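Take a look at the structure set out below.
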Amino acid sequence: MHFPLPTLLLLLPTLALTSPTRRAPANAIIANHCPFPVTVYPVGSSVGPATTLPANTGLYSEPLQRDAATGGRALKIVSAPADLYTAGKAQTVFEYNLAGDGNVWYDLSDVFGDLFAGYKLVEGSRDASCGSVVWPQGVNPGGSQVRECGEGSDVVLDLCA
């Protein structure tokens, strides 16, 4: 299709308004500041591969995503790779859900014990307008642990903060 230059110049502002804006997706991030390694399993409708985060410096990151079958994602943190499949082994779980309303909802929970008892956990965003989940002693202090943020913001869990 060919447009004369004056017509093309008139169309440019309209085309600019209808072109989608491309942003890098926000991420779910786990930073391990603990003096011991931990293992992260990403879980949606299936279990993803384990990633072991070294002591003091380990970092896990995945783009925020919506699981077609379950809606949400769970990043399960265990002390050793086999612990996810060992009955009764403690897990700390960072869950998030891209709600489709422009927000990401996130929370923190423990299953089968308190993996980080005695160590501070902080889950939130670098965006100060978003809520944070803080476990000063590494255990759920009670009350709702669900927060929300705009889906364009990273959500970060700092272990042993």
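According to mature numbering (1 follows the signal peptide of the UniProt record, and there is no 0), the residues represented by the sequence shown are -18 to -1, 1 to 143, in order.
Cβ atoms here follow ideal geometry from the backbone N, Cα and C, with glycine treated the same way.
All values derive from a computational prediction rather than experimental measurement.
Opening and closing residue of the beta strand (DSSP E) in which residue i lies
| i | result |
| --- | --- |
| C131 | R129 to G132 |
| V29 | Unbroken run through V29: none, as it is neither H nor E. |
| D140 | V137 to L141 |
| N122 | No beta strand (DSSP E) holds N122; DSSP gives it neither H nor E. |
| residue 144 | In the structure as shown, the chain starts at -18 and stops at 143, and residue 144 therefore has no counterpart that could be examined. |
Residue i in three-state terms, based on DSSP
| i | result |
| --- | --- |
| L66 | helix |
| V116 | strand |
| S43 | strand |
| T21 | strand |
| R55 | strand |
| D49 | strand |
| N38 | coil |
| A8 | coil |
Per DSSP, cross-strand counterpart(s) of residue i
| i | result |
| --- | --- |
| S91 | V75 |
| V85 | The sequence shown places Asn at residue 85, not Val. N85 pairs with G132. |
| A13 | L41 and D140 |
Presumed contact (8 Å Cβ cut-off) between residue i and residue j, rounded CB distance
| i | j | result |
| --- | --- | --- |
| L103 | W117 | 4 Å |
| Q73 | V86 | Not really, about 21 Å apart at Cβ, beyond 8 Å. |
| G113 | G120 | About 19 Å separates the two Cβ atoms, so there is no contact after all. |
| residue 162 | L57 | Given a span of -18 to 143 for the chain in the structure shown, any question on residue 162 remains unanswerable. |
| G53 | N79 | 6 Å |
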